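Participant: I'd like to ask you about the structure that follows.
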Amino acid sequence: MIHIAPSILNANLMQLPALLPRLEGAGAAVLHLDVMDGHFVPPLTFGPMLAGALRSVTGLFLEAHLMVDRPGDLIEDFVKAGCGRVIVHAEATPHLDRLLGAIRKLGAEAGVAINPGTPLAAIEETLGSLDLVLVMTVNPGWGGQKFIPGCIDKLARLKARLDALGLSPHLEVDGGINLETAGQAVAAGADLLVAGNAVFAKPDPIAAFGELTAAARSAKR
Ligand code: DX5
Ligand code: ZN
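Using this note's numbering, you'd call the opening residue of the sequence shown number 88 and step up by one each time.
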């Protein structure tokens, strides 16, 4: 089943306790938390305390996308705060396999993200131990950027490789997803589409979420 995962990066945090139950009612399953440390990417966002606060106001599955240096230092805090999935960047650690094992040992799902400039070879050896692969479709750091079309080819090559290996982790895309690009991502194999501005920057985020979900689900695979 194809899902849109709303990202709260550019949302008004004060409005979330009112909006999240409505998003859930509209069929949302996953909430995407963009964690930035001011080092791996220039901006600074939030830490596990906000994840814990969100956990207490929503039943949505929480996934933490760690755009941080030393991601290993934060994994346990995010799992304890209630995140069911932790996604680390391949570029942020020389110990990817160890970190993925640490996430799973804590009882959470393990995901790996790769930047647009990172080749698939960087994650090839870990494919068998992943619950999710996140193919970034913008360079991470900011919401509201333009989708990089070249990433679609990488996504399609990853999908083909996973099929050849008989593996089926979630295939997630993140960055610049809107009514136009959602279909392209689904056609190339994505089943989970992060959307920040296309949901929370719209006058009616719930309606926008519904339209985006419908667009993604009507795309040909
Ligand atoms: C980018 C973040 C994204 C971002 C997506 O660094 O990882 O999750 O919030 O925002 P939009 O959908 O506005 O491109
Ligand atoms: Zn993200």
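Built from N, CA and C at the ideal position, the CB exists for glycine as well. Owing to the predicted nature of the structure, the values given are computational and were not obtained by experimental measurement.
1. Give me the Cβ distance between Ile95 and Phe287, rounded to the nearest whole Å; I'm assuming they're in contact under 8 Å.
2. Secondary structure at Glu150, three-state DSSP: helix, strand or coil?
3. Quick check: is any heavy atom of ligand 2 less than 7 Å from the C-beta of Asp121?
4. Check whether the region 133-141 touches the region 164-182, taking contact to mean three or more Cβ pairs, one atom from each stretch, closer than 8 Å.
5. Please name the residue, chosen from Ala294, Asp164, Asn265, that lies closest to Leu193 on a Cα-to-Cα basis.
6. Mind reading off the beta-carbon distance from Gly270 to Met223? Whole number of angstroms is fine, and I expect it under 8 Å.
7. With respect to 7 Å, is the separation between the Cβ of His152 and the closest non-hydrogen atom of ligand 2 below this value?
8. Would you say the beta carbon of Asp261 comes nearer than 7 Å to a heavy atom of ligand 2?
9. Please give the ranges of any beta strand (DSSP E) in the region 94-144, keeping only runs that are unbroken, at least 3 residues long and fully inside the region.
10. Is Asp160 near Ala179, with beta carbons less than 8 Å apart?
Facilitator: Let me lay it out:
1. 7 Å
2. For Glu150, the secondary structure class from DSSP, reduced to helix, strand or coil, is strand.
3. At least one heavy atom of ligand 2 lies closer than 7 Å to the C-beta of Asp121.
4. Flag = yes, the region 133-141 and the region 164-182 touch.
5. Asp164
6. Incorrect: roughly 19 Å between the Cβ atoms, too far for contact.
7. yes
8. yes
9. 117-123
10. no
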